[in-house]
Each structure stands twice: as structure tokens, then as C-alpha cells.
Amino acid sequence: MRKSLGALPLLLSMGLVGCSDGEEDGVTLDVWAIGWEAEQLVNEGYIQQFEQQHPGVKVNLQAIPWGNIYDNLLTAVASGSGPDVVQMGTSYMADFASTGSFLPLDEYVEDYPNLDSDHFFEGAVDSTIYNGELVAVPWYVETRVLFYRTDLLADVGFPEGPDTWEELYEASKALYDRGDGLYAMTLPENDDTLPYIFAWQNGVEFETTDKGVDFSDPAFVEAVTYYTRFFKEDLAPLGLGLDPMQSFVDGIQPMFFEPPFRYQQLIDNYPEFEEWDTKLMPSKENNTSVIGGSNMAIFEWTEHPDEAVAFLSYLSDRQTQIDYFKDVRVLPPRVDAWEDPALQEDERLYTYYEQLQHSRAQPQVLNWNRINDEWKRSEQRITRADYTIEEEIKDFRSRIEPMIVTDEEEEEN
Numbered sequence: 122m123r124k125s126l127g128a129l130p131l132l133l134s135m136g137l138v139g140c141s142d143g144e145e146d147g148v149t150l151d152v153w154a155i156g157w158e159a160e161q162l163v164n165e166g167y168i169q170q171f172e173q174q175h176p177g178v179k180v181n182l183q184a185i186p187w188g189n190i191y192d193n194l195l196t197a198v199a200s201g202s203g204p205d206v207v208q209m210g211t212s213y214m215a216d217f218a219s220t221g222s223f224l225p226l227d228e229y230v231e232d233y234p235n236l237d238s239d240h241f242f243e244g245a246v247d248s249t250i251y252n253g254e255l256v257a258v259p260w261y262v263e264t265r266v267l268f269y270r271t272d273l274l275a276d277v278g279f280p281e282g283p284d285t286w287e288e289l290y291e292a293s294k295a296l297y298d299r300g301d302g303l304y305a306m307t308l309p310e311n312d313d314t315l316p317y318i319f320a321w322q323n324g325v326e327f328e329t330t331d332k333g334v335d336f337s338d339p340a341f342v343e344a345v346t347y348y349t350r351f352f353k354e355d356l357a358p359l360g361l362g363l364d365p366m367q368s369f370v371d372g373i374q375p376m377f378f379e380p381p382f383r384y385q386q387l388i389d390n391y392p393e394f395e396e397w398d399t400k401l402m403p404s405k406e407n408n409t410s411v412i413g414g415s416n417m418a419i420f421e422w423t424e425h426p427d428e429a430v431a432f433l434s435y436l437s438d439r440q441t442q443i444d445y446f447k448d449v450r451v452l453p454p455r456v457d458a459w460e461d462p463a464l465q466e467d468e469r470l471y472t473y474y475e476q477l478q479h480s481r482a483q484p485q486v487l488n489w490n491r492i493n494d495e496w497k498r499s500e501q502r503i504t505r506a507d508y509t510i511e512e513e514i515k516d517f518r519s520r521i522e523p524m525i526v527t528d529e530e531e532e533e534n
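Numbering-wise (the numbering used here), the sequence shown opens with residue 122 and increments by one.
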């Protein structure tokens, strides 16, 4: 794994290096959380509520930008010091769990039942377990669903939206045929999830039994061919610089696959606009989507494991997750939180609940982010240049070969 000390000056300037120190009147937990959502833990009173419930425990929360967190984590692991509790992106759990830096949580589940994996969507749990050990708990989740214009899809014969790959392509062709300057959908050309979603839907399994990764399945070529035809046939235009939300509302691109923040943007920015709906991903062999979001973990060097586990238990509590959704509008990973009317009674939002039951985490293998970066490079070459899919995937596989670390190789290192 890459070791980076580039973030060390930032950590020092923020006073983040080193384990939390006990104060004379109690314990201080240092917590790294990420982005705007992290700030709301303070702004909406969650940290204060936890401290009230646990007299003698103070939480020192630092909000780290998403763009900085990976390097900050590398520095913490390399130095063996850092916060007690850390928010983790799901796609790089394996990189850090493989170092043995996380406190195993299995022994705490009996006393802290909120940590029990049975509470959470299966796909969310997949990124919290490494080598059979529970090393994190889900904090919030997201997935992709299909947004579509109900009026325009009805005009081309799909009033309920497309259900299958074939229907998605047929609907896209019909929408494109409406005339010049009109298209079918918005697709990002460097997307790091949709190609894998289509591959899963086509029966591809990337992870090998020894925790390597394999892109040799012909079904992967078939999935990439299907996905990229939307670009090559101009059904999803490249390089026009269209705002996806505005072009959706204007009917220029009447479909897209998006996580829940797009749902909230439509509600907030276009409150009078009603001609849209959400639905599950179109299916081939299945209708799998990807599950993202973030987890909460505890670094193994913490001097206050009981207090840190209590903090994770508080965040994982059903009512905490319901309240956090209402305040921050990120989706709870606890299945029973979705019984709350605020989540259950909005049919467009509830599509995410249904899709989360058919979603899976990105492969939990070492160096997945680096592999992903190489795939985005290949994807751009396929969509914008004259590289054949078979040739480019072959080249991609050769580029990532040094990055693939199997169980045996990990043990040797």
C-alpha cells in the first residue's frame, strides 16, 4: 500500500496527530468525520446529545474534506497515531483494514446491539467486514436509481419507465428521435460506478476467491459495449456542458441514474415541477445497483475503546438515524429506520429503500481506488477515441496487474 506523509503538516496544524488524551474530569474522543454532513453532527446537536447521555465524555470532532481524508488516513496509519473514531469511505475500507489498524468490533456486539450487522442492508455490511471480522459499522448509504420524466417517457410508450436493458435502449432511441438538440439521458463519461453496475446486472463477479479481482469475463465486455453505445449513438451526449438537472427539467435529457442528493436537489430547487419519478435500475440478469456512503470505524490504538464503541452505538441507533435523515437528508443504513413515515411515505424516495435491497458494495480488494482510476482512463478512451472495447480492456488488465494483491501476496507482505 502507498505510504504518504503529504498530509502530515495539515494534521499537525489541526492538532490531530496523537491519540486522544484523558482530561482531568473525563475522556476526550477525537473523531474525524468528512464533509458537510460531518459538520451537521455539531450544528444539529448530535455531539451534544451524546455527551449529555455519557457524562464525562467529550467529543472533539474534526470535519475533514473528502479530498483530504485518504491522505490523512495514510498518515495516521503510517505513524500509528490519529483519532479514536474515523469516518471511512466504503471504497477504501480494504486498503486500511488490511493494515490491522481498526479495532475489531465483534466482541462488543452483545453489549452494544446497535452494532449488530443484522440491522443493516446487506450491501452496506459487505464493506464493514474484513477477513471475517467486523471492523466498522455503516453510517449512511447511497445508491443509484433511475430518474425519468413521466410525461416524456409516456409519449414514447414507456409511461412507467423502462424495466429492462432492452427497454432502456428502445426508450432512449425514441427520445433521441424527437428532434435535433434532444437526447435520451445524462451519463457521465468517467463514471466510477455505472460500468460496474451494468456488469453486475450481466452476471459478472469481479472479486476472486483469494480477494483478487478479475476483469476477464466476456460478460464484462458485453456490459461495457451496452453502456458505451449510449455515448457512441449520441443518446447520451458528450462535451455539451449541459447541467444535468436543468436539462432534465427542460426535457433535453429526460433520464439519469443518480444517488439521493439529486432527489433532494429536485425537491429543493424545482418544488413546482411534478412530471418526474424514480424507479429501480433496469435489469438484465438482475437489477443490482451499487451501494456507497460511509462507515464509522475505531482505530486500534485508541485508549478509550468503550467510549468509542458507545459513540458508534449512538450513531447506529434507530432514532439517531431517523433524526439525522430529517436534518441532513442522507439515507440511513438501518433497515428498520425506513419504517418511519418521513422515509416510507414518499414513494419517490422509497425507491431507494427498494433498490438498497438489491445493491452491493464495490469490490473490497486492495488498491480498488487505483484500479478504479485506471478504469476511468480506459472508459474515456473507449468513448472518445477509436479504441476497441476488447483492446482497451486488455490494456486495462495489463495496467492493473501490478495493483492486484491476493490473500497469499498480502500475507507475504
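Backbone N, C-alpha and C define an ideal beta-carbon position, used for all residues, glycine too. As the structure is a prediction and not an experimental result, all values here were calculated from the model.
With respect to Ala-429, Ile-419 sits close: the two C-beta atoms are nearer than 7 Å.
Looking at Glu-512, Val-180 and Asp-284, the one whose alpha-carbon comes closest to that of Leu-162 is Val-180.
Counted as a single uninterrupted DSSP element, the stretch harbouring Ile-525 is not any alpha helix (DSSP H), since DSSP gives it neither H nor E. Residue pairing by DSSP places Trp-157 in no beta bridge whatsoever. Under the DSSP assignment, Ile-412 falls in the beta strand (DSSP E) whose first and last residues are 410-419. By the 16-neighbour rule on beta-carbons within 10 angstroms, Leu-361 is exposed. Counting along the chain, Phe-217 sits inside the alpha helix (DSSP H) bounded by residues 214-218. Rounded to the nearest whole angstrom, the C-alpha separation of Gly-221 and Ala-215 is 10 Å. Annotation for Ala-357: Met-306, Leu-308 and Phe-351 place their beta carbon closer than 6 Å to its own, counting only its chain and skipping 5 residues before and after. In the structure shown, the three-state DSSP call for Pro-462 is helix. Remark: C-beta atoms of Ala-154 and Ala-184 approach each other more closely than 7 Å.
Between Thr-349 and Ile-503, the C-beta gap is smaller than 7 Å, which places the two residues in contact. Within the region 298-356, complete beta strand (DSSP E) segments of at least 3 residues are not found at all. The C-alpha of Glu-172 is placed about 10 Å away from the C-alpha of Tyr-435.
DSSP places Met-366 in the helix class (H, G or I) of the three-state scheme.
With respect to the C-alpha of Phe-517, the residue from Asn-164, Ser-202, Val-526 and Glu-495 having the closest C-alpha is Glu-495. Along the region 203-271, the beta strand (DSSP E) occurs as fully enclosed runs of 3 or more residues at 206-210, 258-264 and 266-269, listed in sequence order. For Glu-243, the closest C-alpha among the options Val-345, Pro-454 and Trp-260 is that of Pro-454. Asn-488 carries a coil assignment under DSSP once its states are collapsed to helix, strand and coil.
Contact annotation: the region 272-285 does not touch the region 471-490, with fewer than three C-beta pairs closer than 8 Å.
Between the C-alpha atoms of Val-370 and Asp-192 there is a straight-line separation of about 38 Å.
Its Cα nearest to that of Lys-447, the residue Gln-465 stands out among Gln-465, Leu-267 and Ala-431. Taking each of Asp-151, Gly-188, Pro-186 and Phe-241 in turn and checking the Cα distance to Pro-204, the smallest one comes out for Asp-151.
Using a C-beta cut-off of 8 Å, the region 399-412 makes no contact with the region 228-240, since fewer than three inter-stretch Cβ pairs fall below that distance. A buried status is given to Trp-260, since no fewer than 16 other beta-carbon atoms sit within 10 Å of its beta-carbon. Phe-171 carries a helical assignment under DSSP once its states are collapsed to helix, strand and coil. Under DSSP, Phe-378 shares a beta bridge with Leu-267. Per DSSP, the beta-bridge partners of Thr-285 are Ser-404. Measuring C-alpha to C-alpha distances from Val-325 to each of Gly-333, Tyr-213, Leu-296 and Ala-340 identifies Ala-340 as the nearest. Nearest neighbour of Phe-319 by Cα position, chosen from Glu-328, Leu-303, Thr-346 and Pro-392, turns out to be Thr-346. If you draw a straight line from the Cα of Asn-407 to the Cα of Leu-289, it comes to about 14 Å. Short of 8 Å from the beta carbon of Tyr-297, and not among the five residues preceding or following it, lie these beta carbons of its own chain, in chain order: Leu-303, Tyr-304, Ala-305, Glu-354, Asp-355 and Leu-356.
Sequence-distant partners of Gly-147 (beyond 5 residues in either direction) whose C-beta falls short of 8 Å from its own C-beta, in its chain, are Pro-176, Gly-177, Val-178 and Lys-179.
Contact between Met-417 and Gln-208 holds, with the beta-carbon distance rounding to 6 Å and staying under 8 Å. Looking at the DSSP output, Asn-181 sits in a beta bridge with Asp-151. DSSP places Thr-399 in the strand class (E or B) of the three-state scheme.
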